[in-house]
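With positions in the sequence shown counted from 1, the corresponding number in the numbering used here is that position plus 989. Idealized CB from N, CA, C, for every residue including glycine. For reference, the structure is listed below as structure tokens.
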Amino acid sequence: MTAAQTVPGHRAVANWLLACAGMVFVMAIIGAITRLTESGLSITEWKPITGTLPPLNEAQWLVEFEKYKQIPEYQVLNRGMSLDEFKQIFFWEWFHRLWGRLIGVVFAVPLVWFAVKGMVTRSMLPKLVGLFLLGGLQGFIGWFMVQSGLSVRTDVSHYRLAMHLSMALILYALLIQAGLGLRHPGAAHRPDRAGLRRHGWAAMVLVSITVVWGAFVAGLDAGFAYNTWPLMNGEFAPPEVWNLSPAWLNFLENTATVQFTHRWLAIATAVAVLSYAWRVGQRADLPEVAKRSALWLSLGIGGQVVLGITTLLHAVPVALGSAHQGGALVVIALLIRSIHTLRR
């Protein structure tokens, strides 16, 4: 999404969109912490308005705790949990939802103001409204995910978890793309750089697929197994990678195969991103900003690979696991910016 014409205050609108992208980034980190601390099922109802405030007294806390005691996660995994322990996991899920509401307000209120002031074009306004509606859909997807763990399962569906994370990445990428487009509204397509752009977007597809399999790893707790690298407990691929039938199901539901797939997708992604960055660096006709962006992208993907390996070797502690998810979003932002500089 880019602006074809300059409008008054377009830089302010761009900064607002990029700030919203920053809030989505923070949201993803909070979501990772919520998942890794197993806090996501602590709130068993969806109250978009009245759920803004947490319990304010002991009686309200006991009511929420009793609701939690009715679901399988408590009955199977956390029976005997104290109220103080419940308050700890409740906080992260409540904070995750609160931050989502805050993003909605920070997006909606300035959007109305910018529209009234004529700071967005008629062609841009429907796209921004569409982004707001996607944000609302993301809230529903989050509840759809939570629902999967309230009746039979002791955790949420890893498919729904991947859907929730994927929608967050889509919103994040669209906000960045829109913000950069408004900052440089005169940027034009350069046919002589089309091959580089295709390479960059192909790398983006690989990044996205790798992130989806990372969500599968998280949802299946696959990161707690095979905490060795480069081999998986001394083997290139453990024999249990083909335990399920039909064979394709292993790539979606087999802990060993899902982790194996994520490892090799990450390597393929790193190769794609680094080769793209190298090609940008070799082009004498590109502006210096494009080469700097490619350098930062190389550092970002390198850091993400190291962070992923370190997270695996340490059996996914909360801090490293959350940072690894954040690293994926950093790579996405750097890649979008790099591709955008090719139009200058």
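- Could you tell me if A1308 is buried or exposed, where buried requires 16 or more neighbouring beta carbons within 10 angstroms of its beta carbon? exposed
ask   = Would A1255 be called buried (16 or more neighbouring beta carbons within 10 Å of its own) or exposed?
value = buried
| Do the region 1029-1036 and the region 1051-1071 make contact, defined as three or more Cβ pairs closer than 8 Å? | yes
Exercise. Going by alpha carbons, who is nearest to W1088 out of P1180, W1132, G1020 and G1107?
Worked result: G1020
Check: Going by beta carbon distance, what residues of the same chain come within less than 8 Å of V1145, once the five residues before and after it are set aside?
Finding: G1029, L1030, M1134, V1135, S1137, G1138 and G1208
* Among N1243, F1225 and E1224, which has the Cα closest to the Cα of L1233? -> N1243
Task: Residue environment, Q1271, which counts as buried when at least 16 other CB atoms sit within 10 Å - done: exposed
Practice problem: In angstroms with no decimal places, state the Cα-to-Cα distance between G1069 and P1174. | Solution: 59 Å
Notebook entry, point to check: Just the Cα atoms here: how many angstroms apart are G1040 and R1281?
Noted result: 45 Å
### Message
Can you confirm whether the region 1178-1195 touches the region 1221-1237 when touching is taken to mean that 3 or more C-beta pairs between the two stretches lie within less than 8 Å?
### Response
no
Whole angstroms are fine: how far does the CA of A1048 sit from the CA of A1191?
54 Å
Q.
Quick check on the DSSP output: the alpha helix (DSSP H) that includes H1153 runs from which residue to which?
A. H1147 to R1172
Query raised in the report: What separation, rounded to the nearest whole angstrom, lies between the Cα atoms of F1249 and T1330?
Result: 34 Å
ask   = So, helix, strand or coil for E1034, using DSSP?
value = coil
What is the rounded straight-line gap between the Cα of Q1064 and the Cα of F1096?
39 Å
(Q) Quick check on the DSSP output: the alpha helix (DSSP H) that includes A1226 runs from which residue to which? (A) Premise fails: A1226 is in no alpha helix (DSSP H) and is neither H nor E.
Note to self: Measuring alpha carbon to alpha carbon, tell me which residue in T1199, R1186 and P1228 is nearest W1253.
What the structure shows: T1199
(message) Between the region 1319-1333 and the region 1275-1291, can you find at least three pairs of beta-carbon atoms closer than 8 Å?
(response) yes
Query - Terminal residues of the alpha helix (DSSP H) in which F1103 lies - result: L1072 to V1105
According to DSSP, simplified to helix, strand and coil, what is S1311?
helix
Legend entry - Enclosing alpha helix (DSSP H) for T1300 [first to last residue]: E1277 to L1302
N1004: first and last residue of the uninterrupted alpha helix (DSSP H) it sits in
H999 to L1025
#### Entry: Assigned exposure category for H1313 - 16 Cβ within 10 Å defines buried
buried
Give the C-beta separation of L1324 and M1193 to the nearest angstrom, bearing in mind that I take them to be a contact with Cβ-Cβ under 8 Å. 6 Å
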